[in-house]
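Enquirer: Take a look at the following structure, please.
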Amino acid sequence: LGAGLEFVRWQEFVHPDSTVFIKPNLTWPVPRPGVTTSPDFVDALLAALCS
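To convert a position in the sequence shown, counted from 1, into this note's numbering, add 8.
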């Protein structure tokens, strides 16, 4: 995840005072690989964005 965020140079667009909307894909009640955003991914994304 970290390498992907760095690749798209996210820090050029998201600043410390930015508001960020995360839209997870919640189409199934249980996370399905390639279909649904897992809670672990959301946790990792939030940790990366808040650091």
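All C-beta atoms, glycine included, are put in the ideal place defined by N, C-alpha and C. Keep in mind that this is a model prediction, so the values were computed, not measured.
(1) Under 7 Å from any heavy atom of the ligand FAD, does the C-beta of Pro-37 make it?
(2) What does the alpha-carbon distance come out to for the pair His-4 and Ala-55?
(3) For Ser-46 and Ala-52, what's the separation of their Cα atoms in angstroms?
(4) Taking the straight line between their C-alpha atoms, what separation do you get for Val-50 and Glu-14?
(5) Apart from the five residues just before and just after Thr-71, which ones in its own chain have a Cβ nearer than 7 Å to its Cβ?
Expert: Checking against the coordinates, here is how it stands:
(1) By its list of ligands, the structure shown contains no ligand whatsoever, and the ligand FAD lies outside what it can speak to.
(2) Nothing can be reported for residue 4, as the shown portion of the chain is limited to 9 through 59.
(3) Numbered from its first residue, the sequence shown carries residue 46 at position 38. Numbered from its first residue, the sequence shown carries residue 52 at position 44. When rounded, the distance between both Cα atoms is 10 Å.
(4) Working through the sequence shown from its first residue, we reach residue 50 at position 42. Working through the sequence shown from its first residue, we reach residue 14 at position 6. Rounded to whole angstroms, the gap between the alpha carbons of Val-50 and Glu-14 is 17 Å.
(5) Outside the displayed range of the chain (9 to 59) lies residue 71, so it cannot be described from this structure.
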